[in-house]
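Asker: Dropping a structure here in structure tokens format, bear with me for questions.
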DNA sequence: ATTAATAGTTACTTCCATGTGACTAAGTGA
DNA sequence: TCACTTAGTCACATGGAAGTAACTATTAAT
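Chains as they are written, first to last, in the numbering used here: chain A, 1 to 146; chain B, 1 to 146.
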């Protein structure tokens, strides 16, 4: 089910991108990739999704503990927006003190799988990125000095 | 080469995440997924990468035209950071007026392939997200009214 | 002498995502 | 009566990413 582009037989990423950006295929500004990245590009959403990725329902405070550094407010904000988009389910139990549990929806889990594949790239190229960065900074420093 | 987790035979995403987050496997805070998303999560990087994904070298002003809404400054900033991380190459021609061309590096192209797969998810679930969002807002509106 | 072209840089401003700390409801147990 | 618990909300403060507009070098063409 990897049929992003089925308008033509596009086999290389170049062909795919070219086909994709063709105004005949989509309205201008249509960019699902950007949509996803915007959705998970904030500070906490991805971490919430990852922590719910264990497959167990987690209570609010469990998440707060597991997601290091997150504030109460930001956890609420993050979970609300994930819930709104249908990526997590929220279960409220009528108890005192309150109990609220969160879990990934199937849609959220599918996203996690996709996002997870990015990790392959990150791991494979992490060293190379750091190298490139160091080399670049070294050059920049030289220029500034002279 | 999809061997993110080879410590165990982890077949479900739950197992993968569990294995991944095990402090025995990685130092705390190690999260390559977050790294990538941070890298492309800014406003323009992804759009620059996508536009360079055609496989053709593009001049500064070509990019500026193609990336709708980007300012001169932000294009420079974006390209510089991509160059620094080794995702794009920059070719300067000693001409007047200046000519500078940009292209994806192989590493950048590999990233594009991965990121592209997110589009599959986005396209598949776009309608469902919008539905979920509308339903959520409708409920929220009711609560406010009462 | 002036304009035009390209690929920037620089100084300044603005705004929104995020952070902080106090506050709340509702019941339980001491 | 008071403290304690959980899962929040609310008002306000802040930093940094992004935006804006003016300025630059260099040469060719008019």
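Virtual Cβ for every residue (Gly too), placed ideally from N, Cα, C. None of these values were measured; they are calculated from a predicted model.
1. Would you check if the distance between the CB atom of residue 63/A and the CB atom of residue 34/B is smaller than 8 Å?
2. Kindly indicate which residue of 102/B, 43/B and 86/B has the alpha-carbon position closest to the one of residue 93/B.
3. Does any residue of chain A have a CB that is nearer than 8 Å to the CB of residue 133/B?
4. How many whole angstroms separate the CB atoms of residue 129/A and residue 85/B, which I take to be in contact at a CB cut-off of 8 Å?
5. Using the beta-carbon of each residue, which ones in chain A are nearer than 7 Å to residue 96/B?
6. Which of helix, strand or coil does DSSP assign to residue 73/A?
7. Quick test of your reading: residue 150/B and residue 32/A, contact by CB under 8 Å. State the CB separation rounded to the nearest angstrom.
8. Quick one: using the 10 Å Cβ neighbour count with 16 as the cut-off for buried, is residue 4/B buried or exposed?
9. Using only the alpha-carbon positions, how far apart do residue 115/B and residue 140/B sit?
10. If you follow the alpha helix (DSSP H) that residue 17/A is in, where does it begin and where does it stop?
11. State the start and end residues of the unbroken alpha helix (DSSP H) segment that holds residue 36/A.
Answerer: Reading from the atomic positions:
1. Along the first chain, one-based indexing puts residue 63/A at 63. Along the second chain, one-based indexing puts residue 34/B at 34. Cβ distance not < 8 Å, so residue 63/A and residue 34/B don't count as in contact.
2. Along the second chain, read from residue 1 onward, the residue named residue 93/B stands at position 93. Restricting attention to 102/B, 43/B and 86/B, the CA atom closest to the CA of residue 93/B is found in 102/B.
3. Along the second chain, read from residue 1 onward, the residue named residue 133/B stands at position 133. For residue 133/B, the answer is yes, since a Cβ of chain A falls inside 8 Å of its Cβ.
4. Your numbering for residue 129/A matches position 129 in the first chain. Your numbering for residue 85/B matches position 85 in the second chain. Yes, residue 129/A and residue 85/B are in contact; Cβ-Cβ is about 5 Å, under 8 Å.
5. Taking the first residue of the second chain as position 1, residue 96/B is located at position 96. Result: empty, since nearest Cβ-Cβ is about 21 Å, beyond 7 Å.
6. The residue labelled residue 73/A in the question sits at position 73 within the first chain. For residue 73/A, the three-state secondary structure derived from DSSP is helix.
7. Outside the shown range of chain B (1 to 146) lies residue 150/B, about which nothing can therefore be said.
8. Translated into positions along the second chain, residue 4/B becomes position 4. Confidence in residue 4/B is poor, its pLDDT being 48 and thus under 50, which makes the residue's placement too unreliable to answer from.
9. Walking along the second chain from the start, residue 115/B turns up at place 115. Walking along the second chain from the start, residue 140/B turns up at place 140. The C-alpha of residue 115/B lies about 33 Å from the C-alpha of residue 140/B.
10. Indexing the first chain from 1 puts residue 17/A at position 17. 13 to 21 is the span of the alpha helix (DSSP H), which, as asked, contains residue 17/A.
11. By 1-based counting over the first chain, the position of residue 36/A is 36. Going by DSSP, residue 36/A is part of the alpha helix (DSSP H) stretching over 32 to 40.
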